[in-house]
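A.B. asks: For the sequence shown, the positions run 1 to 98 when UniProt numbering is used. The structure under discussion is supplied below as structure tokens; questions concerning it will follow.
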Amino acid sequence: MQSLLSHDWPGNVRELRNAAERYVLLGKLAQFAESHEPKSKLLGLNEQVAEFEKSLLEQTLIECGGSIKATMERLHLPRKTLYDKMQKYQLDKESYKP
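Structure representation (structure tokens):
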């Protein structure tokens, strides 16, 4: 909870809403704390892009209720590419189903 209060929310209300949805849907408060530490400012471009990509995949899976088809369509990704990225970031579609 302290992580939520101490974060300055540079991404505006949408970032806060997304964090709240992740917490409610997945109980991932600890993951939020880890992903919003200042150390991310010290990461190189590749690492920052990977963090963004993973976050976008997670948020889209949440919004699509774990539906692979809906996630593919929303992100304009081929099925194989989506599955490859989910495997890369160790994302399980079952974790995002309501």
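Backbone N, C-alpha and C fix where the C-beta goes; we use that ideal spot for every residue, glycine too. For clarity, every value in this text was computed on a predicted model and none was experimentally measured.
1) Using the Cβ count rule (16 or more neighbours within 10 Å means buried), how would you classify Arg79?
2) Suppose you measure from the CA of Ala30 to the CA of Asn18; what does that come to, to the nearest Å?
3) Given a cut-off of 8 Å on the beta-carbon distance, is the pair Leu61 and Lys93 in contact?
4) Using three-state DSSP, classify Lys93 as helix, strand or coil.
C.D. replies: From the atom records:
1) exposed
2) Low per-residue confidence applies at Ala30: pLDDT is 47, beneath 50, and the placement is therefore not dependable, though the value from the model is reported in the following sentence. For Ala30 and Asn18, the distance between alpha carbons rounds to 15 Å.
3) Cβ distance < 8 Å, so Leu61 and Lys93 count as in contact.
4) helix
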